[in-house]
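A.B. asks:
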Amino acid sequence: MNKEQMIQSMTDIMAKFTGYMGKRLPDDVMSKLRELREQEDTYLAKVVYDSMFENQEISDKLDRPSCQDTGVIQYYVKAGSEFPLLAEIPEILRNAVLEATKAAPLRHNAVEIFKEKNTGNNTGERVPIINWDIIPNSKAVEVEVYMAGGGCSLPGQGKTLMPGEGYEGVVKFIFDVMTSYGINACPPLLVGIGIAGSIEVAATLSKKALFRPIGSRHHDERGAEMELLIEKGLNDIGIGPQGLSGKNSVMGVHIESAARHPSTISVAISIGCWAHRRGTIRINEDMSYEIISHKGVTL
Ligand code: SF4
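The sequence shown runs 6 to 304 under this note's numbering.
#1: How many whole angstroms separate the CB atoms of residue 321 and residue 274, which I take to be in contact at a CB cut-off of 8 Å?
#2: If the criterion is Cβ atoms closer than 8 Å, does the pair residue 143 and residue 87 meet it?
#3: Which term fits residue 167, buried or exposed, when burial requires 16 or more other beta carbons within 10 angstroms of its beta carbon?
#4: Spatial neighbours of residue 95 within its chain, please: CB distance less than 8 Å, with the 5 preceding and 5 following residues excluded, ordered by chain position.
#5: Is residue 55 near ligand 1, judged by its Cβ being under 7 Å from some heavy atom?
#6: Check whether the Cβ atoms of residue 197 and residue 277 sit closer than 8 Å, and answer yes or no.
#7: What is the residue span of the alpha helix (DSSP H) that residue 234 lies within?
#8: Look at the alpha carbon of residue 113 and the alpha carbon of residue 169, and state the distance between them as a whole number of angstroms.
#9: Around the Cβ of residue 119, are there at least 16 other Cβ atoms within 10 angstroms (buried) or fewer (exposed)?
#10: Is residue 115 close to ligand 1? I mean its beta-carbon at under 7 Å from any heavy atom of the ligand.
#11: Identify whether residue 136 lies in helix, strand or coil by the three-state DSSP scheme.
#12: For residue 160, which of 211, 236, 200, 299 has the nearest alpha-carbon?
#13: Rounded C-beta distance between residue 313 and residue 235? I'm assuming under 8 Å.
#14: Using a threshold of 7 Å, is the CB atom of residue 137 nearer than that to any non-hydrogen atom of ligand 1?
#15: Compute every distance between the C-beta of residue 154 and the non-hydrogen atoms of ligand 1, then say whether any falls below 7 Å.
Right, here's the structure in full:
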């Protein structure tokens, strides 16, 4: 394959995968939803979960997105420093969004700031959003594709607290958000929390926390314990599936952290809904690929 053919091949793969993950939820989300359904004992809660499973079946059968809000497309790229198309990735991902918008199809969700005009193709200034991590000595690229909906993770919130407010202040902020705006997303929710020394770092980490496999834990045992305590507290509120009450309000709580300045502690929250459309794909230097989030799938 020459370089032009490789660019075309990666664009096709990313366009197909971007459209695909709007129609089928990743394996860990499906398995968590099944587990949560089993824990419910009211007819209403079970029916709500059943409607979610039916939604997935119909979406599969009709080959249509499972929710009307296909979101703003966000790509989190772990790029190998020796991946042959490193410089071309932004253009490839932009073209992938243009193709997926027509083929999937995806709702038009990019409105230019100040012009207040919808571009009609899901691309615009800095959209699709691309975040980068460079992986040394690797020839592959791993891309997290995420559909950020207008009711779930896009209205995330954050605050820099006075250091004296400590971790108690962090928890208070989380519960204040979750019991007011949090419910805008369709539960059960996946809660991503970022804790850092400044608001922009906390905000990015809160989004990255949504990409961790459901049930994985923070690397520090105190962080892991905090995740479990917040999860229990949010479940005890009884929001339940679609906010209609039930035993569980969340699919999980994930915290990502960065060292902070002694004088600041910032916290941010991003909330994923039950239709947590996230997908992970790894593309090798020869353009072969593996879909990590949806086992056994070929595009
Ligand atoms: S919160 Fe999620 S499931 Fe509900 S409308 Fe928004 S994207 Fe769709």
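Even glycine gets a Cβ: it sits at the ideal position worked out from N, Cα and C.
Small disclaimer: the values here were computed from a predicted structure and weren't measured.
C.D. replies: This is what the structure gives:
#1: What is shown of the chain runs 6 to 304, which leaves residue 321 out entirely.
#2: Indexing the sequence shown from 1 puts residue 143 at position 138. Indexing the sequence shown from 1 puts residue 87 at position 82. Yes, they are a contact pair.
#3: Within the sequence shown, numbered from 1, the residue matching residue 167 stands at position 162. By the neighbour-count definition (other C-beta atoms within 10 Å, threshold 16), residue 167 is an exposed residue.
#4: For this step, residue 95 is matched to residue 90 along the sequence shown. Only 135 meet the Cβ criterion.
#5: Translated into the one-based positions of the sequence shown, residue 55 becomes position 50. No - ligand 1 has no heavy atom lying nearer than 7 Å to the Cβ of residue 55.
#6: Your numbering for residue 197 matches position 192 in the sequence shown. Your numbering for residue 277 matches position 272 in the sequence shown. Contact: yes.
#7: Position 229 of the sequence shown, counted from the start, is the residue given in the question as residue 234. That run of the alpha helix (DSSP H) goes 226–242.
#8: As a working mapping, residue 113 is identified with position 108 in the sequence shown. As a working mapping, residue 169 is identified with position 164 in the sequence shown. If I take the Cα positions, the gap works out to 44 Å.
#9: The residue given as residue 119 occupies position 114 in the sequence shown. With fewer than 16 Cβ atoms within 10 Å of its Cβ, residue 119 is classed as exposed.
#10: Here residue 115 is taken as the residue at index 110 of the sequence shown, counted from 1. Checking every heavy atom of ligand 1 against the Cβ of residue 115, none is found closer than 7 Å.
#11: Position 131 of the sequence shown holds residue 136. DSSP places residue 136 in strand when its eight states are reduced to three.
#12: Taking the first residue of the sequence shown as position 1, residue 160 is located at position 155. Nearest C-alpha to residue 160: 211.
#13: Not covered by the structure: residue 313. The range shown for the chain is 6 to 304.
#14: Taking the sequence shown and counting its residues from 1, the one referred to as residue 137 is at position 132. Not one heavy atom of ligand 1 sits closer than 7 Å to the Cβ of residue 137.
#15: One-based indexing of the sequence shown puts residue 154 at position 149. True, at least one ligand heavy atom lies under 7 Å from that Cβ.
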